[in-house]
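Residue numbers (our numbering): 19 to 219.
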């Protein structure tokens with residue numbers, strides 16, 4: 019009996035530790051003016067793998083403007099507390115941050131999109147305060163089982179190939195360029211916005 023019980027326990031533990039994956043479309047989110055797209059189109063796919071240790075993602079997408087990009091984890095650790103019955107901007111953006119939803123916003127990946135307008139982004143995120151691979155805007159990932167994950171693709175203007183420091187900021191910071199002004203544009207006047215999003219329920 020003991021051997022049978024241990025075998026059953028081992029089987030349950032293996033299942034609870036197993037990774038779970040899903041694939042969703044990458045959709046239009048905002049146009050160049052930062053306005054939400056009324057009729058979004060599917061532009062690619064996003065694969066997300068969850069385990070008790072954390073998350074990993076792969077995005078393959080197309081039709082992005084040429085330039086520098088970051089991708090951001092937006093994790094709703096307590097989605098049952100999201101406003102209006104769904105998790106979105108009302109729970110994340112100041113001044114209406116919803117503390118009950120326990121939202122975390124962290125850097126996931128960065129890169130440059132060339133003339134083919136295609137992109138591949140990959141990243142991982144661990145559980146807890148030390149799990150983020152890069153800049154943290156706020157929060158931490160704490161709920162591996164029922165959290166809702168949005169992956170936001172953010173445009174930072176033409177890549178600064180002639181300035182390595184500026185290019186580094188373009189692909190790892192939310193501002194994306196030095197000498198940021200208060201209008202959300204980089205020094206050359208290119209507005210930053212989020213052209214695409216993938217939502218993993």
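Even for Gly, the Cβ is constructed at its ideal location relative to N, Cα and C. Quick caveat, the model's predicted, so the values are computed rather than measured.
- Distance from the CA atom of residue 179 to the CA atom of residue 103, rounded to whole angstroms, is 44 Å.
- Using a Cβ distance threshold of 9 Å, residue 218 and residue 40 count as a contacting pair.
- Residue 97 is classed as buried because its beta carbon has at least 16 other beta carbons within 10 Å across all chains shown.
- In this structure, residue 80 lies away from residue 127, with their beta-carbon atoms at least 9 Å apart.
- In the DSSP annotation of this structure, residue 137 is not part of any alpha helix (DSSP H); the continuous beta strand (DSSP E) holding it starts and ends at 137-144.
- Contact check for residue 66 against residue 42 passes: the beta carbons are separated by less than 9 Å.
- Contact annotation: the region 106-113 does not touch the region 137-146, with fewer than three C-beta pairs closer than 8 Å.
- Pairing residue 62 with residue 87, the inter-Cα distance amounts to about 16 Å.
- Minimum Cα-Cα distance from residue 120 among the listed residues 158, 130 and 45 corresponds to 158.
- In this structure, the alpha-carbon of residue 175 lies about 20 Å from that of residue 44.
- The continuous stretches of beta strand (DSSP E) do not include residue 110, which lies in the alpha helix (DSSP H) extending over residues 107-110.
- Between residue 182 and residue 130, the gap from beta carbon to beta carbon reaches 9 Å or more.
- Here the alpha carbon of residue 164 sits roughly 7 Å from the alpha carbon of residue 95.
- Taking residue 161 as the centre and dropping the five residues before and after it, the same chain places the C-beta of 95 closer than 6 Å to its C-beta, in chain order.
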